[in-house]
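For the sequence shown, the tail end lands on 1604 under the working numbering, and the numbers increase by one without skipping. Quick reminder that beta carbons are idealized off the backbone N, C-alpha and C, glycines included. What you are looking at is a predicted structure, and each value in this text was computed from that prediction instead of being measured. See below for the structure under consideration.
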Amino acid sequence: MFNLIRKDIILLKKTFMILLPVLFVYLTVGSSSIWVGIIFSIAIIMGAFANDEKSSSNTLLNSLPYTRKEIVSSKYIGAFIFTFLVVFMIFIGNLIIHREITVWKDLLFIISLVMVSTSLFLPFSYKFKSQYLLIASLVSFALYMVINNFVFQNLNEKMSELVGMLLALQNAQFYLIIAFFVISLYACSWLLSIRIYERKVF
């Protein structure tokens, strides 16, 4: 399974080389580290998934000495590794550009939201295709813009306030509950994706 993860890293090497300068540009202009980390992580994870989505790729993977469980597991382990790499780059970027150490709560928030998003995206993509996920994302974004502009015109501010409030909490028990929820959701999504992929016919 290690070779499957290594394969994704090699295939995404060029993507990393392109995204790294872009990430540093966003950090330089003062963009939120949290949202930059979430967007970049999800883009890389779904890019790795898209590489194996073609029928020819799936046929090749299933002809190799790997079980379908290992193929799916490599994506979930890889997703965590890619997220860690993005978080690490953000940490180094803020240290170099702004001469400041990124707050650990911000990094934890990035990892948690990416894991939750991955938990939703991967089973959907295994069941259908990532192109449908793109359509669903565009529709959701359009609905969000409509709600933000015509229903709750200060929705962005409320969301920012909510994030700020969560990051300001000092209750360790709260963070343990959130961590338990995120890990449980990720594990359930992992098992669901394995079940979906094992039933697929290529």
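Quiz item: Closest to Ile1447 by CA distance: which of Phe1511, Val1516 and Thr1430 is it?
Solution: Nearest of Phe1511, Val1516 and Thr1430 to Ile1447, Cα basis: Val1516.
Quiz prompt | Burial state of Phe1484 (16 or more Cβ within 10 Å) | solution = So Phe1484 counts as buried.
Exercise. Just tell me which of Met1491, Ile1598, Thr1520 and Ile1580 has its CA closest to the CA of Gly1439.
Key: Ranking the options by Cα distance to Gly1439, first place goes to Met1491.
Quiz item: Nearest to Tyr1577 by CA position, among Ile1596, Leu1522, Leu1510 and Phe1526, is which residue?
Solution: When only C-alpha atoms are compared, the closest one is Leu1510.
Practice problem: Using the Cα positions of Met1567 and Ile1598, report the straight-line distance between them to the nearest angstrom. | Solution: The alpha-carbon atoms of Met1567 and Ile1598 are separated by roughly 38 angstroms.
Quiz item: Shortest alpha-carbon distance to Gly1473 belongs to which of Ile1407, Ser1586, Asn1573 and Phe1583?
Solution: Sequence inspection shows Ile at residue 1473; the Gly mentioned does not correspond to that position. With distances taken between Cα atoms, Ile1473 lies closest to Ile1407.
Self-check item: Where Thr1469 sits in the DSSP three-state scheme
Solution: DSSP places Thr1469 in coil when its eight states are reduced to three.
Exercise. Please classify Ile1609: does DSSP put it in a helix, a strand, or coil?
Key: The structure shown has nothing for residue 1609, since the chain only spans 1403 to 1604.
Quiz prompt | CB of Ser1527 within 8 angstroms of CB of Phe1451, strictly | solution = Contact flag set, yes.
Quiz item: From Ile1585, Lys1409 and Met1403, pick the residue whose C-alpha is nearest to that of Thr1469; which is it?
Solution: Measuring from the Cα of Thr1469, the nearest candidate turns out to be Met1403.
Quiz item: Tell me which same chain residues have a C-beta within less than 6 angstroms of the C-beta of Glu1600, skipping the five on either side of it?
Solution: Once the five neighbours on either side are set aside, the close Cβ partners of Glu1600 are Arg1470.
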